[in-house]
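What follows is a set of notes on a single structure, which appears directly below.
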Amino acid sequence: SKTISKCYVQVTGMTCASCVANIERNLRREDGIHSILVALMAGKAEVRYNPAVIHPAAIAELIRELGFGATVMENCGEGDGILELVVRGMTCASCVHKIESTLMKTNGVLYCSVALATNKAHIKYDPEAIGPRDVIQVIKDLGFTTSLVKKDRSASHLDHKQEIRQWKRSFVVSLVFCIPVMGLMIYMMVMDSQLADAHAHHNTSSEEMEVLHSSMVLEYQLLPGLSVMNLLSFLLCVPVQVCGGWHFYIQASRALRHSTANMDVLVVLATSIAFLYSCIILLVAVAERAKVNPVTFFDTPPMLLVFISLGRWLEHVAKGKTSEALARLISLQATEATIVTLGPDNVLLSEEQVDVELVQRGDIVKVVPGGKFPVDGRVIEGHSMVDESLITGEAMPVTKKPGSTVIAGSINQNGSLLISATHVGADTTLSQIVKLVEEAQTSKAPIQQFADKLSGYFVPFIVAVSVVTLFAWIIIGFVDFEIVEKYFLGYNKSLSAAEVIVRFAFQASITVLCIACPCSLGLA
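If you read the sequence shown in full-length UniProt numbering, its first letter stands for residue 1, the second for the next number, and so on.
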């Protein structure tokens with residue numbers, strides 16, 4: 001029978017549902033992977049796999065290849081206790097062998113591997129038979145110093161501050177350059193319509209000249225074919241394309257390298273094509289020494305990037321809010337515990353401060369007034385009132401006396417208590433609550449799964465549609481030029497019919513790309 005193991009992988013860099021779909025779809029294809037569930041908010045993937053075929057590090061590597069950050073979360077082993085230690089004082093391979101062989105002989109140690117290069121020891125043990133402090137003691141007795149690998153308790157992976165900053169910066173840069181571009185565009189539109197009015201009414205030439213004059217400044221050609229308007233638009237568009245679009249380009253290149261298409265690919269396609277097409281048209285106009293200024297699309301990229309980076313910024317702010325709740329739950333956990341040794345008649349013999357991870361089942365823990373309970377346990381000595389409102393929502397303090405159960409994360413108020421640890425590490429009530437909250441974020445509503453599936457097909461579909469648009473208009477144009485003439489207002493009469501058709505077709509297909517681009521809105 002195939003054994004199925006379960007591992008958790010921390011995944012960073014996921015922005016939307018299509019990233020989730022992307023990871024799930026690609027990993028399901030791999031040999032040895034049974035099932036995978038990805039939580040966008042918690043940034044966590046739960047993978048069931050066949051350890052004979054694949055191991056967690058390889059799974060994380062597969063996710064990394066898709067362009068996301070991935071690390072295997074060691075502290076999620078179910079049942080077995082897992083211990084990561086830093087061991088100092090090892091000089092050669094024989095030290096490593098000495099530690100490994102001694103530990104493997106120790107009752108309760110299931111697996112042990114020590115790396116000389118990184119000074120790390122990775123130990124799996126049976127919490128029923130042995131505890132982390134016993135393991136550390138064994139290594140100390142061999143003459144090495146050892147300490148726990150510090151776990152990141154701050155829930156920093158749930159922190160979206162950096163992304164919020166990054167998208168805010170993107171948005172501000174795009175906005176600063178977008179406003180003048182929009183201003184120029186609106187000004188030109190107004191001027192054009194006034195000019196048309198003046199023509200229509202055959203007004204006095206002085207009024208017409210005035211309107212002409214103000215719009216001439218922008219239409220004035222610095223070089224033949226290069227107007228002030230186009231030059232300004234170009235100069236304003238470059239910084240947006242570079243600074244505002246930077247993150248999109250990085251994400252899109254990662255996606256394309258793995259032949260998947262996501263949101264970022266669309267954004268990059270639309271903005272790059274609009275930008276490059278405009279640049280090429282300008283160059284052609286300058287080369288042709290055109291009398292009439294070409295119609296460019298320099299206004300498209302800044303406006304698109306403004307809206308999308310605003311969307312991304314808001315999205316990360318919202319995610320940050322959800323994750324804050326989780327981070328707050330995690331922050332309730334105590335970091336240290338005072339373990340005491342009791343003699344006959346519960347006389348205190350000694351006490352020591354240890355990391356919460358080192359508390360073992362059955363340890364006697366002392367909790368002073370105002371202290372947090374580090375683990376779940378049962379009171380063996382002392383009377384006190386305990387504030388459990390953080391866990392149970394009960395506002396009134398609860399009386400604790402010998403025999404009462406206490407919950408990790410609750411706060412001891414007035415008396416000193418001695419408790420015997422019943423649940424430690426990942427089994428405490430608080431850890432379970434955190435886990436449930438994370439799992440609640442992991443499980444998807446059926447409609448959400450449907451949306452994820454759609455977004456995988458969305459990008460190729462849009463690209464296909466815009467290509468079809470391009471060819472359709474070229475064919476229509478060559479069959480019946482009048483239709484193009486009817487819709488393509490303001491094209492200059494000096495161009496050949498073929499050129500007008502191609503330009504109009506391009507305009508139509510780029511418009512399709514640009515409009516379909518914000519797929520997050522489409523899928524919302």
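Ideal placement from N, C-alpha and C gives every residue a C-beta, glycine not left out. If you're wondering where the values come from, they're calculated on a predicted model, not measured in any experiment.
Taking all protein chains shown into account, do 16 or more other C-beta atoms lie within 10 angstroms of the C-beta of residue i, making it buried, or fewer, making it exposed?
| i | result |
| --- | --- |
| K44 | buried |
| S384 | buried |
| F478 | exposed |
| G225 | buried |
| R289 | exposed |
| Q507 | buried |
| E394 | exposed |
| T15 | buried |
| I510 | buried |
| V459 | buried |
| L283 | exposed |
| P132 | buried |
| R28 | exposed |
| V66 | The residue you asked about is not Val; residue 66 is Leu in the sequence shown. The residue is buried, with at least 16 neighbouring Cβ atoms inside 10 Å. |
| M189 | exposed |
Measure the C-alpha to C-alpha separation of residue i and residue j and round it to an integer number of angstroms.
| i | j | result |
| --- | --- | --- |
| C178 | S466 | 25 Å |
| M90 | H55 | 28 Å |
| G13 | D192 | 46 Å |
| L358 | N346 | 22 Å |
| T3 | G32 | 11 Å |
| I280 | N293 | 13 Å |
| H34 | V47 | 7 Å |
| I476 | F461 | 22 Å |
| W313 | G69 | 20 Å |
| E74 | V242 | 39 Å |
| G81 | C95 | 24 Å |
| I483 | V468 | 18 Å |
| G77 | H247 | Any reading at G77 must be qualified, since the residue scores a pLDDT of 48, below 50, and its modelled position is unreliable; no value is offered. |
| K6 | L329 | 24 Å |
| C19 | K161 | 20 Å |
| V463 | V500 | 23 Å |
| Q413 | V86 | 36 Å |
| residue 525 | L326 | No information on residue 525 is available, as it lies outside the stretch 1 to 524 that the chain covers here. |
| V386 | T335 | 19 Å |
| Y187 | E485 | 25 Å |
| T296 | I273 | 12 Å |
| M185 | H201 | 25 Å |
| Y277 | Y487 | 20 Å |
| S174 | S389 | 46 Å |
| R25 | Q10 | 17 Å |
| T118 | K400 | 46 Å |
Going by the beta-carbon positions, is the gap between residue i and residue j smaller than 9 Å?
| i | j | result |
| --- | --- | --- |
| F471 | A505 | yes |
| G377 | A421 | yes |
| G245 | V268 | yes |
| D134 | L110 | no |
| D427 | L148 | no |
| V379 | I433 | no |
| F144 | R64 | no |
| F373 | V406 | yes |
| C92 | L103 | no |
| I59 | V38 | no |
| Q333 | S259 | no |
| K120 | E84 | yes |
| K105 | L142 | no |
For residue i, write down the residues that DSSP places opposite it in a beta bridge.
| i | result |
| --- | --- |
| N412 | V386 |
| R88 | T145 |
| Q353 | T338 |
| residue 569 | Only positions 1 to 524 of the chain appear in the structure, and residue 569 is not among them; the question remains open. |
| Q507 | Beta-bridge pairing links Q507 to no other residue. |
| E46 | Y8 and L37 |
| I381 | Reading off the sequence, residue 381 comes out as Glu, not Ile. DSSP lists L418 as partners of E381. |
| V398 | V386 |
| S113 | H122 |
| Q333 | Beta-bridge pairing links Q333 to no other residue. |
| H423 | D376 |
Counting pairs of Cβ atoms below 8 Å between the segment 357-377 and the segment 333-347, do you hit three or more? At 8 Å Cβ cutoff, the stretches touch.
Examine the Cβ distances between the segment 316-329 and the segment 248-259 and report whether three or more of them are shorter than 8 Å. No, the segment 316-329 is not in contact with the segment 248-259.
The segment 301-309 in contact with the segment 156-175 per 3-pair CB rule at 8 Å: Taking 8 Å as the limit for Cβ pairs, the verdict is that the segment 156-175 does touch the segment 301-309.
Taking one C-beta from the segment 222-239 and one from the segment 295-303 each time, how about it: are there three or more such pairs within less than 8 Å? Yes: the two stretches touch, three or more of their Cβ pairs being nearer than 8 Å.
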